[in-house]
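Residue numbers (full-length UniProt numbering), protein chains in the order written: chain A, 1 to 418; chain B, 1 to 418. Have a look at the structure below before the remarks.
Number of protein chains: 2
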Amino acid sequence: MIEKRNPIPVSDAIQRVINHVQPLPIKKIELEKASGCILREPIIATHAVPPFNRSAYDGYAIRAEDSTGASPHHPIAFHVVGEIGAGQVPEVPIGKNEAYRIMTGAILPEQADAIVMLEKTTKTNDGFTVLESLQPGDHVSFKGEDAKKGEVLIEPGTKIHPGTIALLATFGYANVNVSEKPIAGVLATGTELLDVTESLQPGKIRNSNGPMIQAQLDRLGISCRSYGMLPDDLDACMEVMEQALQETDVVITTGGVSVGDYDYLPALYKRLGAKVLFDKVMMRPGSVTTVAALGDKLLFGLSGNPSACFTGFELFARPAIMTMMGSKEPYLAHIHATLGEDFTKNNPFTRFIRGIWKMTKQGVIAIPAGFNKSNAVSSIARGNCLIVLPSGSSGYRKGMQVDILLLGVDQGEEKWRL
Amino acid sequence: MIEKRNPIPVSDAIQRVINHVQPLPIKKIELEKASGCILREPIIATHAVPPFNRSAYDGYAIRAEDSTGASPHHPIAFHVVGEIGAGQVPEVPIGKNEAYRIMTGAILPEQADAIVMLEKTTKTNDGFTVLESLQPGDHVSFKGEDAKKGEVLIEPGTKIHPGTIALLATFGYANVNVSEKPIAGVLATGTELLDVTESLQPGKIRNSNGPMIQAQLDRLGISCRSYGMLPDDLDACMEVMEQALQETDVVITTGGVSVGDYDYLPALYKRLGAKVLFDKVMMRPGSVTTVAALGDKLLFGLSGNPSACFTGFELFARPAIMTMMGSKEPYLAHIHATLGEDFTKNNPFTRFIRGIWKMTKQGVIAIPAGFNKSNAVSSIARGNCLIVLPSGSSGYRKGMQVDILLLGVDQGEEKWRL
Numbered sequence: 001m002i003e004k005r006n007p008i009p010v011s012d013a014i015q016r017v018i019n020h021v022q023p024l025p026i027k028k029i030e031l032e033k034a035s036g037c038i039l040r041e042p043i044i045a046t047h048a049v050p051p052f053n054r055s056a057y058d059g060y061a062i063r064a065e066d067s068t069g070a071s072p073h074h075p076i077a078f079h080v081v082g083e084i085g086a087g088q089v090p091e092v093p094i095g096k097n098e099a100y101r102i103m104t105g106a107i108l109p110e111q112a113d114a115i116v117m118l119e120k121t122t123k124t125n126d127g128f129t130v131l132e133s134l135q136p137g138d139h140v141s142f143k144g145e146d147a148k149k150g151e152v153l154i155e156p157g158t159k160i161h162p163g164t165i166a167l168l169a170t171f172g173y174a175n176v177n178v179s180e181k182p183i184a185g186v187l188a189t190g191t192e193l194l195d196v197t198e199s200l201q202p203g204k205i206r207n208s209n210g211p212m213i214q215a216q217l218d219r220l221g222i223s224c225r226s227y228g229m230l231p232d233d234l235d236a237c238m239e240v241m242e243q244a245l246q247e248t249d250v251v252i253t254t255g256g257v258s259v260g261d262y263d264y265l266p267a268l269y270k271r272l273g274a275k276v277l278f279d280k281v282m283m284r285p286g287s288v289t290t291v292a293a294l295g296d297k298l299l300f301g302l303s304g305n306p307s308a309c310f311t312g313f314e315l316f317a318r319p320a321i322m323t324m325m326g327s328k329e330p331y332l333a334h335i336h337a338t339l340g341e342d343f344t345k346n347n348p349f350t351r352f353i354r355g356i357w358k359m360t361k362q363g364v365i366a367i368p369a370g371f372n373k374s375n376a377v378s379s380i381a382r383g384n385c386l387i388v389l390p391s392g393s394s395g396y397r398k399g400m401q402v403d404i405l406l407l408g409v410d411q412g413e414e415k416w417r418l
Numbered sequence: 001m002i003e004k005r006n007p008i009p010v011s012d013a014i015q016r017v018i019n020h021v022q023p024l025p026i027k028k029i030e031l032e033k034a035s036g037c038i039l040r041e042p043i044i045a046t047h048a049v050p051p052f053n054r055s056a057y058d059g060y061a062i063r064a065e066d067s068t069g070a071s072p073h074h075p076i077a078f079h080v081v082g083e084i085g086a087g088q089v090p091e092v093p094i095g096k097n098e099a100y101r102i103m104t105g106a107i108l109p110e111q112a113d114a115i116v117m118l119e120k121t122t123k124t125n126d127g128f129t130v131l132e133s134l135q136p137g138d139h140v141s142f143k144g145e146d147a148k149k150g151e152v153l154i155e156p157g158t159k160i161h162p163g164t165i166a167l168l169a170t171f172g173y174a175n176v177n178v179s180e181k182p183i184a185g186v187l188a189t190g191t192e193l194l195d196v197t198e199s200l201q202p203g204k205i206r207n208s209n210g211p212m213i214q215a216q217l218d219r220l221g222i223s224c225r226s227y228g229m230l231p232d233d234l235d236a237c238m239e240v241m242e243q244a245l246q247e248t249d250v251v252i253t254t255g256g257v258s259v260g261d262y263d264y265l266p267a268l269y270k271r272l273g274a275k276v277l278f279d280k281v282m283m284r285p286g287s288v289t290t291v292a293a294l295g296d297k298l299l300f301g302l303s304g305n306p307s308a309c310f311t312g313f314e315l316f317a318r319p320a321i322m323t324m325m326g327s328k329e330p331y332l333a334h335i336h337a338t339l340g341e342d343f344t345k346n347n348p349f350t351r352f353i354r355g356i357w358k359m360t361k362q363g364v365i366a367i368p369a370g371f372n373k374s375n376a377v378s379s380i381a382r383g384n385c386l387i388v389l390p391s392g393s394s395g396y397r398k399g400m401q402v403d404i405l406l407l408g409v410d411q412g413e414e415k416w417r418l
């Protein structure tokens with residue numbers, strides 16, 4: 001008997017997955033380990049930035065009013081009373097026509113309200129002359145101009161990148177609240193699979209999906225627990241799956257989700273008592289992608305075909321894992337591109353083509369990354385994006401505008417919009 | 001006396017840096033550790049992909065000619081002689097009107113040249129009937145259709161991402177040649193600097209550049225050796241610098257490169273006998289960015305101002321480090337964007353504005369990420385790109401087309417084109 005499955009749109013499938021995901025608990029880690037994690041607290045300015053009025057240049061700190069009327073014909077002289085390096089604190093305020101020699105970043109002395117740049121001065125015996133008037137505030141970085149004390153600068157749910165680290169360091173966040181990272185279990189199923197170290201044998205292929213998913217997880221900063229490879233055997237698979245469910249937060253399998261006699265994953269989900277969220281998606285490749293939920297754990301049943309497996313991970317597992325980490329932008333970023341080649345295969349379901357995008361003088365061009373069947377592997381290696389070709393047209397021609405999903409990009413999106 | 005420096009264009013400065021860089025030696029690492037490294041050998045197909053003619057669907061393997069003339073009014077019957085799961089090898093060829101039950105990915109039996117999809121058949125006592133003619137090749141994935149044996153699929157110099165891993169696994173690259181990773185030393189200079197754990201003191205700020213650069217290195221997959229913070233003192237700095245040059249491949253300092261009395265880096269380079277490649281660049285922020293070479297080592301003297309420091313790293317240190325790792329795409333990727341806000345500050349030099357890009361219905365919009373002086377830190381945290389505003393115009397208005405450099409993106413470019 002042939003099982004009839006009910007295909008649902010990609011956006012519905014994604015929503016069903018996300019509905020089953022909760023952010024993991026928060027933990028505190030040291031700042032130097034926080035890069036790439038998802039921030040789970042706001043960054044609040046613990047003090048004004050700059051924390052004091054400071055010099056933006058090397059020069060002299062003066063009272064601007066004392067320079068009033070200065071010109072090449074009427075130079076005005078200043079007497080230097082001291083020197084302030086960055087990090088030093090001047091002891092006395094300045095008076096009329098007095099100045100401090102001051103370095104970039106140093107605190108202004110009391111009464112000073114402008115900086116004369118060094119190169120705009122002429123040295124004298126006890127100081128310098130200026131040839132033009134300054135206004136109060138000239139070349140001064142004012143206390144709080146970058147951030148005011150108490151201001152919320154970065155919201156929780158953002159990925160910590162180098163700029164975030166700089167801001168956290170500025171405010172003394174030696175430790176920072178981030179998400180615990182989910183532990184993902186990866187299991188490749190298929191009697192045809194060989195390990196990467198094995199010689200090729202008739203009818204068999206090496207397991208490329210397992211290492212690929214590990215790398216996809218690695219790209220999200222997630223470590224994985226590999227459960228290796230299993231032949232198409234329900235009992236063996238059941239045992240490993242039960243172990244994986246004990247030891248991990250999310251289990252990703254490859255293979256066994258089609259409708260063939262050896263596709264045991266549907267039976268496995270039934271035996272585990274897992275609720276299948278969907279087992280058919282209106283997409284190519286990867287229409288058999290299946291996701292099931294058991295308690296608070298998700299089981300991703302990705303296709304055994306590499307291109308389908310890759311796409312299933314990026315569309316479904318990635319946003320689920322990012323949401324578990326507390327990201328508020330869990331979806332792949334997308335941009336518009338011009339299709340650089342005809343793609344005229346018929347499109348009963350939305351196609352996600354492994355593609356290559358490049359910036360040209362005409363803007364972003366995206367071309368399919370070579371051979372593009374669901375079992376293709378070379379195109380995944382060549383590609384840096386997924387070209388999205390919605391169903392309903394088989395007439396995708398060179399020059400048409402398409403959406404592309406960017407791969408290997410920190411940036412994400414709050415909503416799935418395709 | 002005020003030192004006169006000779007500013008050079010950004011592209012010249014980048015070229016001077018790259019001219020001093022050689023790729024590091026090659027080393028072999030295990031496949032599971034290769035993600036994110038730069039590939040230093042081509043990926044060559046060690047066998048055809050697929051390695052044999054295989055079934056693209058679950059169904060029956062037949063000789064197409066036996067189905068000629070089949071129609072709803074003239075069903076043709078086939079006798080099933082056996083079953084082939086993926087990974088299994090059929091023992092006997094098929095004859096006239098014989099078929100094997102076959103699973104997705106399984107090798108075709110001898111003589112078979114087409115697959116009837118399971119859902120297109122009607123079961124009989126000893127087999128099935130078909131209602132339509134098949135052509136040779138229907139639903140067959142042919143040996144070598146994805147890759148031919150000996151084909152060069154990926155060139156050296158590309159970053160290893162999940163798709164690359166899948167391809168390496170397919171061909172049994174259990175170990176893979178990648179670049180050794182440079183060790184970068186990071187030293188923050190400035191008497192005004194406090195550690196992230198210290199309380200704020202008058203005239204002082206916490207060291208944000210050191211942790212930021214560590215995170216920028218981390219984003220490239222490079223680990224760094226931190227030499228902490230030093231006050232503005234030539235002798236102390238000299239000692240640490242000599243140690244860093246012994247222990248690392250590239251030394252990145254922050255601060256001390258301006259023309260103030262406490263800016264010791266120029267004197268330091270002189271004392272070390274390092275050749276200054278440039279000490280003034282026609283850019284904002286970071287015009288004082290200085291790069292020196294000593295033997296085969298590069299010394300990056302980045303500004304102490306956080307935004308200038310960040311930009312100097314991304315424009316100069318990043319491509320140098322990527323080139324050391326053997327990357328053939330060492331430069332930041334760029335795309336066009338529409339400026340989302342006026343930016344009317346005057347532009348004596350090219351400006352690199354920390355910006356935020358977003359995809360909208362009107363295409364990619366980029367807006368400055370708030371307060372954008374060279375000493376700003378909040379904008380680095382908010383930003384996900386650098387908006388490039390060439391010098392010569394102060395009239396950058398909302399709606400104009402600009403180039404943006406993408407941050408946090410695996411993708412790179414072969415040439416610096418801005």
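Glycine residues also receive a C-beta, built at the ideal position from the N, C-alpha and C atoms. Since the model is a prediction, treat every value here as computed from it, not as a measurement.
Query: Any chain B beta carbon closer than 9 Å to residue 214 of chain A; Result: yes
Query: Alpha helix (DSSP H) runs contained entirely in the UniProt domain "MoaB/Mog" (185-323) of chain B, provided each spans 4 or more residues; Result: 209-219, 234-247, 265-272, 306-312
Query: Element boundaries [alpha helix (DSSP H), containing residue 16 of chain A]; Result: 10-18
Query: Sequence-distant residues of the same chain with beta carbon closer than 8 Å to residue 363 of chain B, five excluded per side; Result: 337, 338
Query: Contact between the region 119-137 of chain A and the region 13-25 of chain A (3+ Cβ pairs under 8 Å); Result: no
Query: Closest residue to residue 327 of chain A among A/148, A/36, A/133 (Cα-Cα distance); Result: A/36
Query: Spatial neighbours of residue 500 of chain A in its chain, beta-carbon cut-off 6 Å, leaving aside the 5 residues before and after; Result: In this structure chain A extends from 1 to 418, so residue 500 of chain A is not present and cannot be described.
Query: Among B/75, B/32, B/415, B/235, the one whose alpha carbon lies nearest that of residue 319 of chain B; Result: B/415
Query: Supposed close pair residue 265 of chain A, residue 301 of chain A - CB separation, criterion 8 Å; Result: 5 Å
Query: Range of the contiguous alpha helix (DSSP H) that encloses residue 378 of chain A; Result: 378-382
Query: Residue 66 of chain A - DSSP class collapsed to helix/strand/coil; Result: helix
Query: Segment contact flag, the region 290-307 of chain B with the region 254-265 of chain B, C-beta cutoff 8 Å, min 3 pairs; Result: yes
Query: Beta carbon of residue 156 of chain B nearer than 9 Å to that of residue 42 of chain B; Result: yes
Query: Cβ of residue 306 of chain B within 9 Å of any chain A Cβ; Result: yes
Query: Reduced DSSP category for residue 105 of chain B - H, G, I as helix; E, B as strand; rest coil; Result: coil
Query: 9 Å Cβ cutoff met for residue 286 of chain A and residue 190 of chain A; Result: no
Query: Spatial distance of residue 367 of chain B from residue 274 of chain A (CA atoms); Result: 46 Å
Query: Through-space distance from residue 208 of chain A to residue 161 of chain B, alpha-carbon basis; Result: 13 Å
Query: Residues that DSSP places opposite residue 74 of chain B in a beta bridge; Result: B/71
Query: CA-to-CA distance, residue 412 of chain A to residue 239 of chain A, given in whole angstroms; Result: 36 Å
Query: Cβ pair count under 8 Å reaching 3, the region 55-64 of chain B against the region 161-172 of chain B; Result: no
Query: Pair within 9 Å by beta-carbon distance, residue 390 of chain B and residue 360 of chain B; Result: no
Query: Contact the region 83-97 of chain B vs the region 137-144 of chain B: 3+ CB pairs below 8 Å; Result: no
Query: Among B/311, B/334, B/250, B/71, the one whose alpha carbon lies nearest that of residue 353 of chain B; Result: B/311
Query: Chain A within 9 Å of residue 7 of chain B, Cβ atoms only; Result: no
Query: Residue 116 of chain A at chain B interface by Cβ criterion, 9 Å; Result: no
Query: Neighbour-count burial assignment, residue 399 of chain B, 16 or more Cβ in a 10 Å radius; Result: exposed
Query: Residue 185 of chain B at chain A interface by Cβ criterion, 9 Å; Result: no
Query: C-alpha gap between residue 75 of chain A and residue 131 of chain A, whole angstroms; Result: 5 Å
Query: Check whether residue 186 of chain B and residue 225 of chain B have beta carbons under 9 Å apart; Result: yes
Query: Of the listed residues A/73, A/348, A/136, A/372, nearest to residue 9 of chain A (C-alpha basis); Result: A/348
Query: Cutoff 9 Å: residue 348 of chain B Cβ touching any chain A Cβ; Result: no
Query: Proximity of residue 148 of chain A and residue 215 of chain A at Cβ, strictly below 9 Å; Result: no
Query: Every unbroken alpha helix (DSSP H) inside the region 318-406 of chain B [4 residues or more]; Result: 318-324, 378-382
Query: Within 8 Å of chain B by C-beta, residues of the region 198-222 of chain A in sequence order; Result: 198, 199, 200, 202, 203, 204, 205, 206, 207, 208, 209, 210, 211, 212, 213, 214, 215, 216, 218, 219
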